[in-house]
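The next block holds one structure in the form of structure tokens; read it before the comments.
Protein chains: 2
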Amino acid sequence: MARRTREDTDNTRTTIVDRAVDVASTDGLEGLTIGRLASQVGMSKSGLIRHFGTKEKLQLAALEAATARFTAEVWTPVAGEPPGHVRLRAVCASWVSYLRRGVFPGGCFLSAASLEFDDRPGPVRDEVAATMQRWLWVLARDAEIAREAGDLPHDADPQQLAFELNATLMGANWAHRLLRDQAAFDRAQVAVDRLLGGSSEHEFEHANMSA
Amino acid sequence: MARRTREDTDNTRTTIVDRAVDVASTDGLEGLTIGRLASQVGMSKSGLIRHFGTKEKLQLAALEAATARFTAEVWTPVAGEPPGHVRLRAVCASWVSYLRRGVFPGGCFLSAASLEFDDRPGPVRDEVAATMQRWLWVLARDAEIAREAGDLPHDADPQQLAFELNATLMGANWAHRLLRDQAAFDRAQVAVDRLLGGSSEHEFEHANMSA
DNA sequence: ACTTATAGCGTACGATCGTTCGTGCTGTAA
DNA sequence: TTACAGCACGAACGATCGTACGCTATAAGT
């Protein structure tokens, strides 16, 4: 009854990877196991690993899929906003919403993978680091545009702002997952609002006349 | 040649636990393995696990020791400072220094354990959550005292401040471990300074006259 | 001196890990 | 119809996991 065409193969692979992402978000990329994953998708171990060759490749595939999911859920909805202050606010709101919605059953995949692999050299660690570095750049770029447009203090440091925004959102994920603190999302939004200036009006063109 | 006294036993246990903490800080509490740990301290598996009974007990012992190390390195040095704003600034500086010094070879133990166990029900998760909750309370308490003393805006939210301080420091640990970013420590200090008011003088008693 | 408690070891168990190999079965192409 | 390419399977591999049992040797208590 199965047709075994190339198209079906891709579907199988997608099914496996999607499940792997969910499992890894709760149990970690290392806690991900071929045997358990196989039984969850109704396959044999050998039939499953065949699509990847090795567990590390499976981890990389899961990481890639998780990154795509993050991008689709957080960035894509706001990519069309005007670059700079407006988009930066939008992406942070989207980010909070992404956490609130529980896109990954085990909390932010990239947060977990970051701390799991930060001491394990290899392609997985490299990919996680590169992905997060890229994300910080995305944030810093809009921060820089906002600064040049006068929507942030002229002496604001885009990279510092990106660091703090990232820390805030990761902190919200942490508090929600470990402490089951639903208020963490609101706290994150409050912190973001303060970092990016008041909730609505703002102009910094004429600030910092002294010092 | 071994003397096998109660005192020596405790020393052995301490040796094991200390090593377990270091290993777990890099490989995770689940990545911690009885066999590898035993060979690292020059013991047999059975001789080692005998001190704990089960792996979960070993994990709990490592967690307890890690908490003690964190407390000794971060809190104890500043416990004598005047409660409130002064001590809060001191504990944050001590916290940054703790990260900078690399007290744990794999980065902040509690950060890693938090994200590793936030989805694994059991006594380890419970203990991690309780420890972190206590830590947030410690921060919030001094924040409250500082607020009452007029060293913070009278409408400041101690729990919000504790959340943001914690997120900032965890973010620094993250950036340092994953991105090998040494500047993360400075960024964290900058963020802390802004959260707790300017670097030196500050008074908020007469602020917020409107609104 | 004799008993008792205990630290540590060696061995073994069943389970599960990632990976490899050989074998069908199915849809596509020649 | 025949040949082929590819998906999935079952079985088995060696390794390692956590744990249990039994033994020896020593220090402490009587």
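One line per chain: the protein sequences are P and F, in this order. Under the numbering used here, think of the first position of the first sequence as 2, with each following residue one higher. Under the numbering used here, think of the first position of the second sequence as 2, with each following residue one higher. Glycine is no exception: its CB is placed at the ideal position from the N, C-alpha and C atoms.
{"Check": "Looking at C-alpha atoms only, which residue of A150/F, V18/F, D23/F and F71/F is the closest neighbour of D120/P?", "Outcome": "D23/F"}
{"Check": "Are the CB atoms of V92/F and E82/F nearer to each other than 9 Å?", "Outcome": "yes"}
{"Check": "Just list the alpha helix (DSSP H) runs in the segment 87–136 of chain F, keeping only unbroken ones of 4 residues or longer that don't cross its boundaries, in chain order.", "Outcome": "110–118"}
{"Check": "Cβ atoms of T169/F and G172/P: under 9 Å apart, would you say?", "Outcome": "yes"}
{"Check": "Between S47/P and chain F, is any beta-carbon pair separated by less than 9 Å?", "Outcome": "no"}
{"Check": "Return the chain-ordered list of same chain residues with a C-beta closer than 8 Å to the C-beta of A67/P, the five sequence neighbours on each side being excluded.", "Outcome": "V22, A25, S26, F105, F110, L111 and A114"}
{"Check": "Which class does R181/P belong to by DSSP, given the choice of helix, strand or coil?", "Outcome": "coil"}
{"Check": "When we look at the beta-carbon of N12/F and count the other beta-carbons within 10 Å, is it buried (16 or more) or exposed?", "Outcome": "exposed"}
{"Check": "Please state the DSSP three-state secondary structure of A208/P.", "Outcome": "Model confidence at A208/P stands at a pLDDT of 43, short of 50, so the residue's coordinates are unreliable and nothing is read from them."}
{"Check": "Give the C-beta separation of L30/P and F118/P to the nearest angstrom, bearing in mind that I take them to be a contact with Cβ-Cβ under 8 Å.", "Outcome": "7 Å"}
{"Check": "Closest by CA to R135/P, which one among N167/F, Q134/F and L180/F?", "Outcome": "L180/F"}
{"Check": "Helix, strand or coil, according to DSSP, for T68/P in the structure here?", "Outcome": "helix"}
{"Check": "When DSSP labels each residue in this structure, what does A141/P get in the three-state scheme?", "Outcome": "helix"}
{"Check": "Which same chain residues end up closer than 7 Å to A185/F when comparing Cβ atoms and leaving out the 5 residues on each side of it in sequence?", "Outcome": "A173, A176 and H177"}
{"Check": "Return helix, strand or coil for E202/P, following the three-state DSSP convention.", "Outcome": "Only weak support is given to the placement of E202/P: the predicted model assigns it a pLDDT of 47, under 50, and the value that follows is read from those uncertain coordinates. Correct three-state label for E202/P: coil."}
{"Check": "Would you say Q160/P lies against chain F (beta-carbon separation less than 9 Å)?", "Outcome": "yes"}
{"Check": "Do you know whose CA, among G36/P, S40/P and R70/P, lies nearest K56/P's CA?", "Outcome": "G36/P"}
{"Check": "Report the option in M44/P, P124/P and T72/P whose CA atom is closest to the CA atom of L214/P.", "Outcome": "No information on residue 214/P is available, as it lies outside the stretch 2 to 212 that chain P covers here."}
{"Check": "Alpha carbons only, please: which of A144/F, A163/F and V87/F is nearest the one belonging to H155/F?", "Outcome": "A144/F"}
{"Check": "Could you give the distance in angstroms between the alpha-carbon of D187/F and the alpha-carbon of D194/F?", "Outcome": "10 Å"}
{"Check": "For a cutoff of 9 Å on Cβ pairs, would you count W175/P as touching chain F?", "Outcome": "yes"}
{"Check": "Could one say the Cβ of D143/F lies closer than 9 Å to chain P's Cβ atoms, at least one of them?", "Outcome": "no"}
{"Check": "Which one of R90/P, E65/P, S40/P and L33/P has the shortest CA to CA distance from N167/P?", "Outcome": "R90/P"}
{"Check": "Which residues in the same chain have their Cβ closer than 8 Å to the Cβ of G48/P, if we skip the five residues on either side of it in sequence?", "Outcome": "A39"}
{"Check": "Leaving out five residues on either side along the sequence, give the residues of the same chain with a beta carbon under 8 Å from the beta carbon of L196/P.", "Outcome": "L162, E165, L166 and T169"}
{"Check": "What does M171/P reach in chain F if we use C-beta pairs closer than 8 Å?", "Outcome": "A168, M171, G172 and W175"}
{"Check": "Is DSSP giving L196/P helix, strand or coil here?", "Outcome": "helix"}
{"Check": "Let's test the definition: count the other Cβ atoms within 10 Å of the Cβ of R88/P and tell me whether it reaches 16, buried, or not, exposed.", "Outcome": "buried"}
{"Check": "For a quick check, are the C-beta atoms of L64/P and E128/P less than 9 Å apart?", "Outcome": "yes"}
{"Check": "Could you check the C-alpha separation between G54/P and L61/P for me, to the nearest Å?", "Outcome": "12 Å"}
{"Check": "Please report the straight-line C-alpha distance between D158/F and E74/F, rounded to a whole angstrom.", "Outcome": "27 Å"}
{"Check": "Suppose the cutoff is 6 Å on Cβ atoms and the five residues either side in sequence are ignored; what does the same chain contact list for D152/P look like?", "Outcome": "H86"}
{"Check": "Which of helix, strand or coil does DSSP assign to R51/P?", "Outcome": "coil"}
{"Check": "Just to make sure I have the definition right: I need the residues of chain P whose C-beta is within less than 8 Å of the C-beta of L54/F. Which are they?", "Outcome": "Looking at the sequence provided, one finds Gly at residue 54/F rather than Leu. The premise fails here: G54/F is roughly 23 Å from chain P at the closest Cβ pair, so nothing lies under 8 Å."}
{"Check": "Where does A141/F land, buried or exposed, given buried means 16+ other C-beta within 10 angstroms?", "Outcome": "buried"}
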